[in-house]
Structure formats: C-alpha cells, structure tokens
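I have placed the structure first, in the form of structure tokens, so that the comments after it can refer back to it.
Residue numbers (my numbering): 165 to 726.
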C-alpha cells in the first residue's frame with residue numbers, strides 16, 4: 165500500500181471575538197472566557213501529486229484553547245458538529261476541489277465563547293449520480309416523494325449492528341424480519357411523506373407529514389413509552405428543510421455483508437440537523453442497500469448510546485400505498501422481461517421499435533398527431549421513458565408510439581407499468597397490447613388488450629378494455645370498464661394486467677377493477693406485443709385545447725412476469 169503523507173495546515177493569523185450575555189450575573193464560580201484558541205487541519209492523503217488530498221474528502225481538525233469546556237464546529241458545507249476534545253474528523257463530499265470556511269467556537273463557563281476561522285481546500289472524488297437521480301430526480305427543481313412500503317411485509321426490520329453468528333447477521337434483519345403489511349401498531353406512521361428536492365446546490369430533505377415512530381429500544385433510552393408515534397415535542401428535529409449529503413458507505417455491513425445474497429450499493433446519505441425518515445433512533449446516516457426509481461431499501465444504526473447494538477432496515481416506495489390495495493393475489497411472479505429505463509438517451513433498440521407517420525385515417529381513430537422517433541418526442545432521461553406530444557407550430561402535432569413488435573412477444577403473464585400521465589385536454593395516453601398476428605388476420609380479429617387508456621377531457625378516470633372479432637355477429641366486439649384515479653398527472657401509478665388462460669384482469673395500484681372471462685373462442689390465447697403511446701385528439705382524445713403546446717407521459721418501468 166502506498167504510504168500517504170499528511171500536510172498540516174495551520175492558520176497563524178486568527179481573528180478572535182467574544183460573545184455572551186453581558187447582562188447576566190452569576191452568583192457562583194468565576195466566569196472565564198476561553199482564550200488562545202487555535203485550529204489546525206490535517207487533509208488526509210496529501211502528497212506531492214495530491215496537494216488537496218486523496219479524494220476521500222477527509223480532514224482531521226484539531227482545536228485547542230485555554231479554559232474551554234466544549235468545541236462547536238461549523239464546517240462551511242452546511243454541516244455542524246460538537247466535540248469536547250477538540251479533535252474531529254470530517255468528510256467533505258462536494259465533488260472536485262473546493263474551498264471551505266471552517267468556524268470553531270470554543271465555549272467556557274456560563275456559555276461564553278471565543279471563535280476562530282480558517283479556510284481549507286479539499287479534493288473529493290466520490291459520486292453516485294444514479295443514486296442521486298433515483299432519490300430526488302435528475303434536474304434542478306425535481307421533487308421526489310417517498311413513503312413507507314406499508315403494503316409489503318417486512319417494511320421494517322432489525323438486526324445486530326456488528327455482531328455475527330455465522331450467517332452475516334450484521335447485514336440483514338437477523339433479529340426481527342419485520343411486521344406484516346399494514347401493521348396495526350405501525351399504522352400511525354403510514355401517512356409519513358418524505359420529500360427529496362434537487363436544487364442547484366445538491367439535494368434537500370423534508371418530512372412534510374408526521375409523526376415519528378419511536379421503537380422500544382430507543383424509547384427506553386429517552387425515558388418514554390415505546391413502539392408508538394410522537395410529534396415534534398419528542399422528535400424535535402422532525403420537520404424543516406435539511407440538506408442531504410451523499411457519501412461512500414463505511415459500515416461493516418456495507419463493506420463486508422450482503423442483503424438477499426446481493427452486496428450493498430456502497431453509497432450512504434446523511435440528513436443534516438438531526439433529520440431522519442420517520443423512524444426516530446437518534447441517527448441520520450443511511451446505508452443504501454439498494455435503490456431504483458420506485459424502491460429504496462436502507463439500513464440505519466441506532467444511536468450507540470442506547471447500548472442495544474441495533475441496526476434498523478427500512479423499505480420505502482415512491483408510489484404511495486393505499487390500504488386495501490396490497491391484497492392482489494397474482495398468478496405470475498417470475499420476472500421474464502423488463503425495461504427500467506436507466507440509461508439516458510434513445511430507448512433500448514433491442515426492446516423497442518416504433519410506429520411512424522399518421523397511419524390510415526389517423527391510425528383508424530381520426531388521431532391528429534404524426535408519430536416520430538426523434539428525441540423531441542421520445543427519450544430516456546432520469547430513470548424514465550418520456551413520450552412528449554407537441555404542437556408543431558403550424559396546426560399539427562407530433563408524438564411517439566413505441567412497440568415491442570418483432571422484439572418481444574408472449575402468451576399469458578402479468579404486465580406492470582408504472583406511469584405518470586399527461587394532464588392536457590385532448591391528450592390520449594395508452595398502455596396496451598396487440599396480437600402478434602395482426603398483420604395477417606387484421607384488427608380486431610388479432611385481439612387488443614388496453615391496460616390503460618385515458619380520454620382527453622377526463623383526467624380523473626382511466627379505462628381498461630378488450631377488443632376482438634365476434635364471429636356469430638360478424639362484427640367487432642369489446643368489453644371495457646373504468647375506474648376513478650387521483651393525481652394521475654402529478655404522481656406515478658401502477659397499471660397492471662393479469663392475463664391467464666381463464667381470465668383477463670386489470671388493476672390500478674394493485675386494486676382490480678376489470679375482469680373478463682377468457683375462452684378458446686377468443687383471440688387472447690396467443691402471443692401479444694406491448695405498445696406505449698400518446699395520441700392527440702381522435703375518438704378518445706376529443707377536442708384538443710387550442711392553447712396546447714406540449715405534454716408528456718412518463719414511464720418508470722415496464723415489467724412482464726410469467
């Protein structure tokens with residue numbers, strides 16, 4: 165291992181100022197203001213080739229003073245800490261070479277203090293852009309809300325902090341695998357809402373809906389009743405906007421352990437000012453076990469002062485669970501095909517191709533748009549597929565229609581699509597399937613399954629429909645139903661098809677609202693392919709808002725289970 169030299173940076177010219185409540189009078193003890201305060205900084209990993217450190221961002225600060233009882237550090241990066249010894253190790257995480265102004269306040273008796281300031285320049289090379297994008301969104305101004313995954317068993321669990329009994333117990337819920345979905349005892353916390361916002365300076369965090377759940381292990385340390393919820397009188401730092409720092413993981417679990425036979429991601433995030441995600445255990449640093457656009461699994465170590473030696477495991481989702489919506493008993497649960505849209509750029513050409521142009525008679529529905537494959541109408545960005553319908557400035561419209569035809573087809577299975585729909589009048593978003601033999605037998609003989617459609621003038625309802633050719637009547641036939649939806653354009657929802665030899669069922673957020681019996685006389689017993697599109701106007705889009713400029717359907721993922 166290469167031996168790294170450490171350079172000590174000492175600030176020789178210190179500007180000292182004194183603060184205190186001058187009018188207070190103390191009857192006992194001599195009031196002495198700390199004096200001769202100095203501070204030094206050791207940047208870890210400095211050598212001739214790395215004058216600002218080795219990229220870890222670590223700096224050891226040493227503060228000294230006469231007549232001092234405590235030292236308060238403000239590191240100039242939005243983080244603060246207290247250390248009675250005056251020696252503290254801090255990690256700066258902003259990527260690149262950055263200068264920070266560090267303020268140290270030495271306090272003495274009666275709270276009187278002396279302060280000094282120094283500048284330190286540090287190099288940090290760690291980054292996990294993908295995790296940041298999943299956590300908060302990729303663009304400045306993006307907002308991502310996370311919720312307890314209350315509709316799944318084991319959304320909270322507990323294990324040892326470092327103890328191992330031979331099975332890597334320090335890295336999973338070895339002590340307690342957690343409650344069942346919608347646990348009564350934990351129900352007080354299921355309305356929690358955790359908001360991560362992308363800003364020009366990084367990421368912020370805010371718990372906008374309380375309360376905080378305090379487990380028995382930490383409640384005993386606080387001297388209160390445990391396993392119940394409390395407001396900010398107990399969890400005093402619960403509310404308010406706080407900064408989020410993305411850092412490399414350092415725990416034994418992250419470095420040596422595994423979770424469900426997979427290694428930890430190796431990334432942590434820390435919430436400033438004592439912030440936490442709903443479960444109050446006196447800690448703010450979370451190891452990210454895994455993260456996707458929809459699911460966040462983390463590990464947090466309870467305040468060691470409790471003596472419990474405990475670590476907690478939490479599971480969150482960006483789709484707000486609805487009680488009663490988690491009981492879907494699906495037939496197919498083995499993942500057969502998926503696209504998580506995690507690579508920015510054009511959609512994966514091994515999974516998707518396009519319908520282009522205006523089709524015959526507006527694709528048979530008098531639709532008004534021209535379908536293209538250009539980036540202005542279809543792209544993958546920030547973990548989502550984005551289909552954009554646009555006014556072309558001359559009275560027409562462009563959009564995109566993706567399909568898996570010729571690339572992927574299947575018979576029977578479960579399709580899940582997590583999507584956010586356009587809000588504009590006249591837009592007609594659709595998630596659907598066509599029989600693979602449609603170019604041979606034509607439509608509707610090939611069959612069509614509409615997993616989700618939405619009409620242009622009602623954005624509070626979605627439709628599920630099947631189309632086929634009815635031989636006895638020698639005509640097209642269909643069966644469809646609708647269901648109400650809220651926040652379809654501002655929040656992701658889960659649209660699901662369960663297709664078996666016996667039936668076709670369609671769900672919104674795991675609640676079934678459509679069921680049709682399948683039979684051998686229907687075309688729904690052969691291969692189908694997937695289609696995703698946003699149409700303008702036509703038979704379901706209706707009248708287009710004259711002021712329309714553009715709108716999008718955003719898709720987090722498409723999965724097929726068999």
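Ideal Cβ positions, reconstructed from N, Cα and C, are used throughout, including at glycine.
Any heavy atom of the ligand COA closer than 7 Å to the CB of residue i?
i           : result
residue 228 : No copy of the ligand COA appears in this structure; indeed no ligand is present at all.
Who are the Cβ neighbours of residue i in its own chain at under 7 Å, not counting the five residues just before and after it?
i           : result
residue 598 : 610, 612, 692, 693, 695
residue 402 : 371, 374, 376, 396
residue 416 : 326, 334
residue 344 : 317
residue 240 : 264, 265, 266
residue 340 : 321, 322
residue 658 : 483, 580, 582, 673, 674
residue 252 : 225, 237, 245
residue 555 : 561, 712, 713, 714
What residue range does the beta strand (DSSP E) around residue i cover?
i           : result
residue 612 : 612 to 617
residue 279 : 277 to 288
residue 672 : 667 to 672
residue 594 : 591 to 599
residue 571 : Here residue 571 belongs to no beta strand (DSSP E), and DSSP marks it neither H nor E.
residue 271 : 260 to 271
residue 544 : 542 to 545
residue 623 : Run containing residue 623: none; DSSP gives neither H nor E here.
residue 555 : 548 to 555
residue 200 : 199 to 207
residue 402 : Careful: residue 402 lies outside any beta strand (DSSP E) and carries neither H nor E.
Can you list, in chain order, the residues of its chain whose CB lies under 6 Å from that of residue i, leaving out five sequence neighbours each side?
i           : result
residue 461 : 453, 454, 479
residue 516 : 566
residue 540 : none
residue 185 : Here the model assigns residue 185 a pLDDT of 40, short of 50, so the residue's position is not dependable, and the following value carries that caveat. Cβ within range, chain order: n/a, list empty.
residue 406 : 369, 435, 436, 437, 439
residue 248 : 234
Could you give the residue range of the alpha helix (DSSP H) that holds residue i?
i           : result
residue 419 : 416 to 420
residue 602 : 602 to 605
residue 381 : 380 to 386
residue 294 : 293 to 300
residue 703 : 702 to 705
Would you say residue i reaches chain B, if we count a Cβ-Cβ gap shorter than 8 Å as a contact?
i           : result
residue 399 : This model lacks chain B altogether; it includes just one protein chain.
What number of angstroms, rounded off, separates the C-alpha of residue i from the C-alpha of residue j?
i           : j           : result
residue 664 : residue 608 : 20 Å
residue 725 : residue 494 : 10 Å
residue 271 : residue 205 : 20 Å
residue 322 : residue 291 : 29 Å
residue 259 : residue 410 : 10 Å
residue 280 : residue 202 : 7 Å
residue 210 : residue 282 : 18 Å
residue 335 : residue 378 : 22 Å
residue 534 : residue 511 : 19 Å
residue 754 : residue 366 : Residue 754 is absent from the model: the chain starts at 165 and stops at 726.
residue 579 : residue 361 : 31 Å
residue 223 : residue 256 : 8 Å
residue 601 : residue 474 : 58 Å
residue 630 : residue 644 : 6 Å
residue 571 : residue 581 : 18 Å
residue 670 : residue 710 : 34 Å
residue 387 : residue 446 : 14 Å
residue 195 : residue 273 : 6 Å
residue 626 : residue 667 : 20 Å
residue 347 : residue 262 : 47 Å
residue 355 : residue 514 : 40 Å
residue 504 : residue 384 : 43 Å
residue 277 : residue 476 : 38 Å
residue 324 : residue 444 : 17 Å
residue 470 : residue 352 : 24 Å
residue 765 : residue 466 : Outside the modelled stretch of the chain, which goes from 165 to 726, sits residue 765, for which no answer is possible.
CB-CB under 8 Å to residue i, same chain, minus the five flanking residues each way: which ones, in chain order?
i           : result
residue 413 : 419, 428, 429, 430, 431, 432, 451, 452
residue 653 : 584, 585, 586, 587, 623
- Message: Measuring CB atoms only, is the stretch 221 to 238 touching the stretch 295 to 311, in the sense that at least three cross pairs come out at less than 8 Å?
- Response: no
- Do the stretch 680 to 687 and the stretch 559 to 570 touch if we need at least three Cβ pairs shorter than 8 Å? no
- Kindly provide the ranges of any beta strand (DSSP E) runs that are 3 or more residues long and lie completely inside the stretch 499 to 531, ordered along the chain. 499 to 503, 517 to 519
- Task: Ignoring anything shorter than 3 residues or poking outside the stretch 305 to 353, list the beta strand (DSSP E) runs there in chain order.
- Result: Within the stretch 305 to 353, the complete beta strand (DSSP E) runs of at least 3 residues fall at 307 to 312, 320 to 324.
- Message: Going residue by residue through the stretch 230 to 256, where are the continuous beta strand (DSSP E) segments of at least 3 residues, counting only ones entirely within it?
- Response: 234 to 238, 244 to 246, 251 to 255
- Task: Check whether the stretch 699 to 716 touches the stretch 521 to 530, counting contact only when three or more Cβ pairs, one atom from each stretch, lie closer than 8 Å.
- Result: yes
- Could you say if the stretch 706 to 717 and the stretch 620 to 627 meet the contact criterion of at least three C-beta pairs nearer than 8 Å? Look at the beta carbons and you see the stretch 706 to 717 touching the stretch 620 to 627: at least three pairs across the two are nearer than 8 Å.
- Message: Count Cβ pairs between the stretch 381 to 398 and the stretch 419 to 438 that sit closer than 8 Å; are there 3 or more?
- Response: no
- Item | Sequence ranges, beta strand (DSSP E) only - wholly within the stretch 411 to 494, length at least 3 | Fully enclosed beta strand (DSSP E) runs of 3 or longer: 431 to 435, 449 to 455, 459 to 465, 474 to 481.
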